[in-house]
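*Asks:*
There are 2 protein chains.
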Amino acid sequence: MGKERRRWDDGKGIGLVTPQDFTFGTPGEGLILESGKSFGPITIRYETYGELNRDRSNAVLILHAFSGDAHVAGFHSPDDPSPGWWDTMVGPGKAFDTNRYFVICSNVLGGCQGSTGPSSINPETGTPYGMSFPVITIGDMVNAQVKLIEHLGIERLLAVAGGSMGGMQALEWVTAHPERVRSAVILASTARLTAQGIAFNAVGRNAIISDPRWNNGDYYGKEIPARGLAIARMIGHITYLSDEAMRDKFGRRLQNRETYGYDFEDQFSVESYLEYQGDKFVERFDANTYIYLTKAMDYFDLSEKYGSLVQAFSRVMGKMLVVSFSSDWLYPPYQSKEIVFALMKAGKDVSYVNIDCPYGHDAFLIETERQTPLIASFLETVARETTGRRSS
Amino acid sequence: MGKERRRWDDGKGIGLVTPQDFTFGTPGEGLILESGKSFGPITIRYETYGELNRDRSNAVLILHAFSGDAHVAGFHSPDDPSPGWWDTMVGPGKAFDTNRYFVICSNVLGGCQGSTGPSSINPETGTPYGMSFPVITIGDMVNAQVKLIEHLGIERLLAVAGGSMGGMQALEWVTAHPERVRSAVILASTARLTAQGIAFNAVGRNAIISDPRWNNGDYYGKEIPARGLAIARMIGHITYLSDEAMRDKFGRRLQNRETYGYDFEDQFSVESYLEYQGDKFVERFDANTYIYLTKAMDYFDLSEKYGSLVQAFSRVMGKMLVVSFSSDWLYPPYQSKEIVFALMKAGKDVSYVNIDCPYGHDAFLIETERQTPLIASFLETVARETTGRRSS
Chain A
402 MGKERRRWDD
412 GKGIGLVTPQ
422 DFTFGTPGEG
432 LILESGKSFG
442 PITIRYETYG
452 ELNRDRSNAV
462 LILHAFSGDA
472 HVAGFHSPDD
482 PSPGWWDTMV
492 GPGKAFDTNR
502 YFVICSNVLG
512 GCQGSTGPSS
522 INPETGTPYG
532 MSFPVITIGD
542 MVNAQVKLIE
552 HLGIERLLAV
562 AGGSMGGMQA
572 LEWVTAHPER
582 VRSAVILAST
592 ARLTAQGIAF
602 NAVGRNAIIS
612 DPRWNNGDYY
622 GKEIPARGLA
632 IARMIGHITY
642 LSDEAMRDKF
652 GRRLQNRETY
662 GYDFEDQFSV
672 ESYLEYQGDK
682 FVERFDANTY
692 IYLTKAMDYF
702 DLSEKYGSLV
712 QAFSRVMGKM
722 LVVSFSSDWL
732 YPPYQSKEIV
742 FALMKAGKDV
752 SYVNIDCPYG
762 HDAFLIETER
772 QTPLIASFLE
782 TVARETTGRR
792 SS
Chain B
402 MGKERRRWDD
412 GKGIGLVTPQ
422 DFTFGTPGEG
432 LILESGKSFG
442 PITIRYETYG
452 ELNRDRSNAV
462 LILHAFSGDA
472 HVAGFHSPDD
482 PSPGWWDTMV
492 GPGKAFDTNR
502 YFVICSNVLG
512 GCQGSTGPSS
522 INPETGTPYG
532 MSFPVITIGD
542 MVNAQVKLIE
552 HLGIERLLAV
562 AGGSMGGMQA
572 LEWVTAHPER
582 VRSAVILAST
592 ARLTAQGIAF
602 NAVGRNAIIS
612 DPRWNNGDYY
622 GKEIPARGLA
632 IARMIGHITY
642 LSDEAMRDKF
652 GRRLQNRETY
662 GYDFEDQFSV
672 ESYLEYQGDK
682 FVERFDANTY
692 IYLTKAMDYF
702 DLSEKYGSLV
712 QAFSRVMGKM
722 LVVSFSSDWL
732 YPPYQSKEIV
742 FALMKAGKDV
752 SYVNIDCPYG
762 HDAFLIETER
772 QTPLIASFLE
782 TVARETTGRR
792 SS
């Protein structure tokens, strides 16, 4: 979803991009985690697009959602079949205009797409961490990103931006590191998951750990818990769509037949779709990362951390844009409104739009047309104010 | 849920009740299924409450939902810890007043609570059917109930009533056997599942068949696919509640701690609840029945069967009461409205109420107070008209 099939050299995108790695820390040292543990070394996989300007004031950090990665736009090679996950939004003339901004995206700590996570080799043992990987939080992910930004020589970001779990990271940036961020774009996100959201994550984790191949997280180099992970993904997919989107997309159509065959070969299209998505996911995602990242999302709760949402947001130093989607029932609009009301109560500069569309939570990935002018003009305003302040 | 802890002899209920069995058919013969196959013998487990009147005109058939059984009210023995699943609604002076009506409830064909289903012994092999059990439909369940009603000497039921899958059966009764039913009560139900509903059922089935202990349905007398069945049930439970109900009931409370421990021992209350519900379910429910009954629900589609909902309901000969619940997102109110509009278009006598409450789909089991006067007065009207017609 959200990916258009195009060639790398069609002139519409950023062309080819090369992932890079940044490593810091030594065994047992590198980052003090929120749990109190010290952890290292940590490698962060990242990609950049566009050019950092001379005064290093045009950097935008994009924060990916649960199953995303550092590859937000462009192609890795000329024969790459599809561009990065948000290529519709990042590129020359796009919402995140790479002619104007230096865009960075990194895979999260705990991830499985190049950054250090449970599938990485523990240098102290020479084998993958598995479940000996420490429990990490949204705050830990962001603290690792702070190291990356420092490494890139950027003192203050023009913006942080993300949807879903990416929005959680953006909220963490503006509250834990307010002096490092001029603005934030929060899409389809929340300051804390609902009980229902936690419940869906819990069932996904249960599906994985119930797969005998999970083997307490020690499955690397052996058969992986593919069925458990696929089922977790199927549940996820239902929650990323909406009742209406599924009705429009699949309805009650059968996959291979015109009429009911009254046997178990009969499948509705929506069943085949979910099984396909589940199987595809298993090829690219690590089951332990599924466990660690969902746990990090469950834990995230700004009001718990700071006493209240208003107290949390009293720390914010930049402009905020909050966007929700009417049919998103996983991160429902009322949660975005809670963020907006708390920001207003704290006297902060916030814009809010609830986009009316049927795509559910996935809308932030696919609703390009209406997000683009919102985000483009928001970033332009922030950039203009930044330049204005410096030249006055 | 929906069960109150009380003693059998507190004078508030129907006291003790004894389940009964009705068997018809011989091997390979008994019921022509919708698939075209002939199937038998079939045993139907049922319970009755109250007395059948002299002209056999006061019989009400209650149709249970997916995980229900024939034991709708009362106690099986003096040391039974809890009454039947809808004891709040069935008994002397209750919505289904056993002082006035002869109430019948039977376990569905394909079930695992006394009626013939995949866990029953196939008399031709001497072993459980497992996946050799034929695919059955809501129509087949109702045709087996017709045999039971004939066996009880009842020509025409005063009412059929049920919630969820029970409502599907009630809709099947009034369209396939309109001459046998004077009225129907349809609670939290639908004339066809949404794509989202099919999707949740499909994931549940996948969780079961992915459990290696499922063993293609051949697990009787061996270790059962307990993890897969528990996960299917957890998914179900999320869909039976609502975002609001889960927030009110669990919020973001931790189960055993005051503050985050940042380890996997940490559990939110909602996680413990789901795991408890999953484990409890496994003790009383058969995994193959889960597969067969969800498939029957997926198949059910009155507009597919009769060309349109209006055509389906043009067959109805009695009064209809349709009740939906505002927070039910699994069988959403708009689906009840579709039923009501189609009944009106077909010129039928229908009353409709959408009860505003936060309990989600489970509301039909737990919202006793507001359902009672609705159902009681509906049944009274039907009973009065019946008597009136006969005495005139």
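Chains as they are written, first to last, in my numbering: chain A, 402 to 793; chain B, 402 to 793.
Note that the Cβ used here is the ideal one computed from N, Cα and C, for glycine as well.
Short of 6 angstroms in beta carbon distance, which residues of its chain neighbour K720 (chain B), apart from the five on each side in sequence? Order them along the chain.
*Replies:* If we look at K720 (chain B) and ignore the five residues flanking it on each side, its Cβ neighbours are S584, D750 and V783.
*Asks:* Taking DSSP's pairing of strands, which residues face N523 (chain B) in a bridge?
*Replies:* In the DSSP output, where bridge partners are listed per residue, N523 (chain B) has B:T528.
*Asks:* Give me the residue from B:K438, B:V504, B:E573 and B:A743 with the minimum Cα distance to G812 (chain B).
*Replies:* Given that chain B is displayed from residue 402 to residue 793, the structure contains no residue 812 (chain B) and the question cannot be resolved.
*Asks:* If we count the other Cβ atoms within 10 Å of its Cβ and call it buried at 16 or more, is Y735 (chain B) buried or exposed?
*Replies:* Exposed, since its Cβ has fewer than 16 Cβ neighbours within 10 Å.
*Asks:* Name, going along the chain, the residues of the segment 721-749 of chain A whose beta-carbon falls closer than 8 angstroms to a beta-carbon of chain B.
*Replies:* Flagged, chain order: W730 and P733.
*Asks:* When you check each C-beta in the segment 591-609 of chain B against every C-beta of chain A, which residues fall closer than 8 angstroms?
*Replies:* The segment 591-609 of chain B vs chain A, Cβ under 8 angstroms: R593, L594, T595, A596, Q597, I599, A600, F601, A603, V604, N607 and A608.
*Asks:* Who are the neighbours of G652 (chain B) on chain A, taking C-beta pairs under 7 angstroms?
*Replies:* Ordered by position in chain A, the residues that pass the 7 angstroms Cβ test against G652 (chain B) are A596.
*Asks:* Would Y700 (chain B) pass as an interface residue toward chain A - the criterion being a Cβ-Cβ separation below 8 angstroms?
*Replies:* With 8 angstroms as the cut-off, Y700 (chain B) counts as an interface residue toward chain A.
*Asks:* With which residues is R593 (chain A) paired in a DSSP beta bridge?
*Replies:* Answer is A:D702.
*Asks:* According to DSSP, D392 (chain B) sits in a beta bridge with which residue or residues?
*Replies:* Past the boundaries of the shown model lies residue 392 (chain B); chain B is included only from 402 to 793, so the question cannot be answered.
*Asks:* Is the distance from the Cβ of E768 (chain B) to the Cβ of I756 (chain B) below 8 angstroms?
*Replies:* Yes, these two residues count as a Cβ contact at 8 angstroms.
*Asks:* Check whether chain A comes within 8 angstroms of M635 (chain B), counting only Cβ atoms and requiring the distance to be less than that.
*Replies:* Chain A, which has a Cβ nearer than 8 angstroms to the Cβ of M635 (chain B), makes this yes.
*Asks:* Using CA coordinates, which residue listed in A:R785, A:E739, A:F686 and A:G494 is at the minimum distance from S468 (chain A)?
*Replies:* Among A:R785, A:E739, A:F686 and A:G494, the Cα nearest to that of S468 (chain A) is on A:F686.
*Asks:* Tell me the rounded alpha-carbon separation between G564 (chain B) and I463 (chain B).
*Replies:* Between G564 (chain B) and I463 (chain B), the C-alpha separation is close to 9 angstroms.
*Asks:* Any idea what DSSP makes of S507 (chain B), helix, strand or coil?
*Replies:* S507 (chain B): strand per DSSP, three-state reduction.
*Asks:* What does the alpha-carbon distance come out to for the pair E659 (chain B) and Y674 (chain B)?
*Replies:* Using only the alpha carbons, I get a separation of about 17 angstroms.
*Asks:* Measure how close the beta-carbons of F440 (chain B) and L432 (chain B) come, nearest whole angstrom, since I'm counting them as under 8 angstroms.
*Replies:* That pair is a contact at about 5 angstroms.
*Asks:* Helix or strand or just coil, what does DSSP make of A562 (chain B)?
*Replies:* The answer is strand: DSSP assigns A562 (chain B) an E or B state.
*Asks:* Would you verify that the beta carbon of S565 (chain B) is, or is not, closer than 8 angstroms to some beta carbon of chain A?
*Replies:* Chain A, which has no Cβ nearer than 8 angstroms to the Cβ of S565 (chain B), makes this no.
*Asks:* Where does Q546 (chain B) fall in DSSP's three states?
*Replies:* In this structure, Q546 (chain B) counts as helix in the three-state DSSP scheme.
*Asks:* Please confirm whether Q514 (chain B) and A471 (chain B) have their CB atoms less than 8 angstroms apart.
*Replies:* Closer than 8 angstroms, so yes.
*Asks:* Fully enclosed by the segment 583-645 of chain A, which beta strand (DSSP E) runs are 3 residues long or longer?
*Replies:* You should have 584-588.
*Asks:* Near Y863 (chain B), which residues of its chain fall below 6 angstroms by C-beta distance, leaving aside the five closest residues on each side in sequence?
*Replies:* No statement about residue 863 (chain B) is possible, as the shown extent of chain B runs from 402 to 793 and does not include it.
*Asks:* Determine the chain B residues that contact A435 (chain A) at a beta-carbon separation under 8 angstroms, and present them in chain order.
*Replies:* The residue asked about is misnamed: residue 435 (chain A) is Glu in this sequence, not Ala. What E435 (chain A) touches in chain B: Y663.
*Asks:* Give the interface partners of N628 (chain A) over in chain B, defined as CB-CB distance under 7 angstroms, in chain order.
*Replies:* The amino acid at residue 628 (chain A) is misidentified as Asn; the sequence shows Arg. Going along chain B in sequence order, the residues near R628 (chain A) (Cβ under 7 angstroms) are S611.
*Asks:* Taking 8 angstroms as the threshold (beta carbon to beta carbon), is R658 (chain A) in contact with chain B?
*Replies:* R658 (chain A) does not count as touching chain B.
*Asks:* Distance check for S507 (chain A) and D481 (chain A), CA to CA, integer angstroms please.
*Replies:* C-alpha separation (whole angstroms): 20 angstroms.
*Asks:* My output table needs one value for S727 (chain A): the three-state DSSP class, helix, strand or coil.
*Replies:* Reduced to three states, the DSSP call for S727 (chain A) is coil.
*Asks:* Please report how far the alpha carbon of I636 (chain A) lies from the alpha carbon of M566 (chain A), in whole angstroms.
*Replies:* In a straight line, the C-alpha of I636 (chain A) is about 17 angstroms away from that of M566 (chain A).
*Asks:* Could you tell me whether any Cβ in chain B is nearer than 8 angstroms to the Cβ of M542 (chain A)?
*Replies:* With 8 angstroms as the cut-off, M542 (chain A) does not count as an interface residue toward chain B.
*Asks:* So, at 7 angstroms on beta carbons, what are the nonlocal neighbours of D680 (chain B) in its own chain, with the 5 sequence-adjacent residues on each side left out?
*Replies:* Correct list, in chain order: A631.
*Asks:* Counting only runs of 3+ residues fully inside the segment 758-783 of chain A, write out the beta strand (DSSP E) ranges in chain order.
*Replies:* Taking only runs of at least 3 residues, no beta strand (DSSP E) segment lies wholly in the segment 758-783 of chain A.
*Asks:* Assuming R581 (chain B) and D702 (chain B) form a contact by the criterion Cβ under 8 angstroms, report the distance between their Cβ atoms to the nearest whole angstrom.
*Replies:* So it is not a contact: roughly 22 angstroms between Cβ atoms.
*Asks:* Note down, one range per segment and in chain order, each alpha helix (DSSP H) of at least 4 residues found wholly within the segment 430-461 of chain A.
*Replies:* Entirely contained in the segment 430-461 of chain A, not one alpha helix (DSSP H) run reaches 4 residues.
*Asks:* Quick test of the definition: if touching needs 3 or more C-beta pairs under 8 angstroms, does the segment 759-768 of chain A touch the segment 529-540 of chain A?
*Replies:* No, because fewer than three Cβ pairs between the segment 759-768 of chain A and the segment 529-540 of chain A fall closer than 8 angstroms, the two stretches do not touch.
*Asks:* At what residues does the alpha helix (DSSP H) containing V711 (chain B) begin and finish?
*Replies:* L710 to F714 is the extent of the alpha helix (DSSP H) around V711 (chain B).
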